[in-house]
Amino acid sequence: MFHRTGAPQILCLGETMVMVTPREPVPLAEADLFRLSVGGAESTVALYLSEMGHDVAWVSRVGADPLGDRILDTLARAGVDTSLVDRDADARTGVYFKDPDPDGTCVYYYRDNSAASRMGPATLDRLPLTSARLVHFSGITPGLSSSCAELASELVRRVKASGTLLSFDVNYRRGIWSRGVAAPILLGLSREVDIVFVGLDEAQHLWGTRSADDVRSLVGTANLLIVKDGAVGATEFDGATSTFVPALDVQVVEPVGAGDAFAAGYLSALLGEETPAARLSLGHATAARALASTHDFVPRAVLDLTGDDPATDSLKL
């Protein structure tokens with residue numbers, strides 16, 4: 020159990036959008052009823068970490084519009100500090116649609132020129148980078164715009180000069196940028212941070228690596244590397260040591276968001292100074308919640324009470 024201090028000990032930086040999802044796990048083309056919720060890699064990590072008892076702030080930029088209000092209200096009600104989020108009166112909040120499929124959900128983004136894409140290095144100026152224990156971001160951010168790419172590079176530079184841990188989820192999104200542009204940038208960031216999360220499949224697509232060991236050889240041995248291999252399991256590399264924990268047996272409803280849930284579980288256990296096996300196990304257990312639902316964030320309290328997908332109006336997520 021973590022003791023809350025009120026000051027953010029974890030910063031999660033990145034874009035969050037309003038997500039439109041069929042109320043039932045059926046394709047967009049067949050759905051009649053839809054649900055508005057909140058979706059974003061870093062804010063999903065923040066939601067899980069807040070639920071686990073951490074003082075966590077989400078850092079981003081949203082439009083001065085009702086969708087921005089919805090995002091901020093949802094995160095604040097879940098205990099995430101939103102005081103470091105900027106509002107932009109001249110740009111809109113991004114929106115995306117999920118097309119559910121257990122074999123590979125498609126995501127359609129409407130985020131060009133969004134408020135978050137206007138973030139840049141100046142976003143970092145008022146952040147408590149040196150007092151936080153951990154900063155988490157993903158490879159989505161540098162793909163949003165040239166100013167966001169500059170933000171990612173400057174974040175690495177500033178945090179490396181402090182004692183704060185920097186966590187990075189490669190999180191490659193084909194709908195944002197091409198492999199040719201993304202691959203060297205994401206590899207460069209992976210070599211500079213303290214903690215790296217990457218899926219084996221995305222590493223294969225980006226860098227041509229064939230195994231978790233190949234990824235380790237490519238990224239180097241100077242940091243913690245977690246390679247996730249879907250339903251098989253996940254491997255943590257720490258220097259010359261590696262630890263593998265198999266994935267849980269889960270009936271997959273929709274896979275998007277599971278990687279962010281895994282990262283949150285792993286990071287919580289890491290901050291709690293748990294063993295590598297315990298870190299990977301909590302990552303798998305948290306990811307299992309997302310896999311069994313069409314939501315990215317699945318509150319434990321609702322899951323424990325119902326055992327079902329918590330897609331209820333009362334949640335307003």
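Just so we're aligned: 94 in my numbering is position 75 of the sequence shown, and the numbers increase by one with no gaps anywhere.
The beta-carbon is built from N, C-alpha and C at its ideal position, and this holds for glycine as well.
Rounded to the nearest whole angstrom, the C-alpha separation of Leu94 and Ala266 is 29 Å. In the assembly as shown, Ser197 is an exposed residue. Its beta-carbon has fewer than 16 other beta-carbons within 10 Å. One Cα belongs to Met71, the other to Ser186, and the distance between them is close to 18 Å.
Here DSSP, grouped into helix, strand and coil, assigns Ile29 to strand. The continuous beta strand (DSSP E) containing Thr260 extends over residues Thr260 to Pro265. Looking at the DSSP output, Pro41 sits in a beta bridge with Phe53.
Under DSSP, His155 shares a beta bridge with Cys31 and Ser186. Going by beta carbons, Leu32 and Ser79 fall inside the 8 Å limit.
C-alpha of Cys125 to C-alpha of Pro41: approximately 13 Å in a straight line. DSSP places Ala311 in the coil class of the three-state scheme, outside both helix and strand. Phe316 carries a coil assignment under DSSP once its states are collapsed to helix, strand and coil. Distances from the alpha-carbon of Pro121 to those of Ala311, Arg319 and Gly302 put Ala311 closest.
Shown here, Thr112 sits in coil according to DSSP, grouped into three states, outside any helix or strand. Taking every protein chain shown into account, the CB of Lys179 has fewer than 16 other CB atoms within 10 angstroms, so this residue is exposed. Pairing Ala277 with Val264 gives a Cβ-Cβ distance that is not under 8 Å. In the three-state scheme derived from DSSP, where H, G and I count as helix and E and B as strand, Glu169 is classed as helix.
Annotated three-state conformation of Gly162 is helix, per DSSP.
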